[in-house]
Ligand code: PNS
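Numbering (my numbering), first residue to last: 49 to 219.
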């Protein structure tokens, strides 16, 4: 199989909500590739505190968070339904980029990468190691703290913090 050079990548996720950890992966993808599409999955199943934001809200928060970031001038944000590999084919993205934090991420990511590779061997999976300062951040931790009315300003950008405060109130 002839391999094309990848210039356009997809950074997928549920982003409920987007965190500084996600934004770090997005920013680093922008540095590595010419064009980055952040793809927000419409539906997902997550246990724990459950879903907080609609697809439109999740897309809007990421757009706001990257809007004034000069490192993210090559980012587009869109929602999607269905299979990630189908989206990659339809927008012409040659790879999926995700962040890896701990070993616990690895098994989950390996399973998804294997499945995506079986369905679409032409789509590469690329991983960036999470930056040390964001290793502990996850959307589920943000949802849990916000639901308890705790400060999450060190985990998420202002636009997310405000929406969480409007939803759950502040301590
Ligand atoms: O934020 P997450 O939970 O790591 O994101 C997971 C996501 C949305 C990337 C993954 O569930 C996904 O690709 N969903 C789209 C449906 C799909 O393609 N499923 C097969 C691969 S698991």
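Note that the Cβ used here is the ideal one computed from N, Cα and C, for glycine as well. Computed from a prediction, not measured in an experiment: that's the story for all the values here.
Checking 8 Å against the spacing of the C-beta atoms, do residue i and residue j come in under that value?
| i | j | result |
| --- | --- | --- |
| residue 85 | residue 124 | yes |
| residue 69 | residue 88 | no |
| residue 110 | residue 143 | no |
| residue 90 | residue 63 | no |
| residue 176 | residue 54 | no |
| residue 204 | residue 141 | no |
| residue 78 | residue 120 | yes |
| residue 145 | residue 126 | no |
| residue 178 | residue 149 | yes |
| residue 218 | residue 197 | yes |
Drop a sphere of 10 angstroms on the beta-carbon of residue i, count the other beta-carbons inside from all chains shown, and report buried for 16 or more, exposed for fewer.
| i | result |
| --- | --- |
| residue 65 | buried |
| residue 201 | exposed |
| residue 118 | exposed |
| residue 147 | buried |
| residue 76 | buried |
| residue 194 | buried |
| residue 206 | exposed |
| residue 191 | buried |
| residue 209 | buried |
| residue 154 | exposed |
| residue 80 | exposed |
| residue 115 | exposed |
| residue 132 | buried |
| residue 102 | exposed |
| residue 188 | exposed |
| residue 71 | buried |
Mind checking whether the beta-carbon of residue i lies closer than 7 Å to any heavy atom of ligand 2?
| i | result |
| --- | --- |
| residue 86 | Annotation note on ligand 2: not contained in the displayed structure, which lists ligand 1 as its ligands. |
Checklist entry - Listed in chain order, which residues are found with a beta carbon closer than 6 Å to a heavy atom of ligand 1? => result 60, 61, 62, 89, 92, 131, 132, 160, 163, 164
Next on the checklist: Please give the ranges of any beta strand (DSSP E) in the stretch 78-139, keeping only runs that are unbroken, at least 3 residues long and fully inside the region.
Outcome noted: 83-89, 123-128
Checklist entry - For the stretch 167-205, which segments carrying the alpha helix (DSSP H) assignment without a break, of at least 4 residues, lie completely within its bounds, in sequence order? => result 187-195
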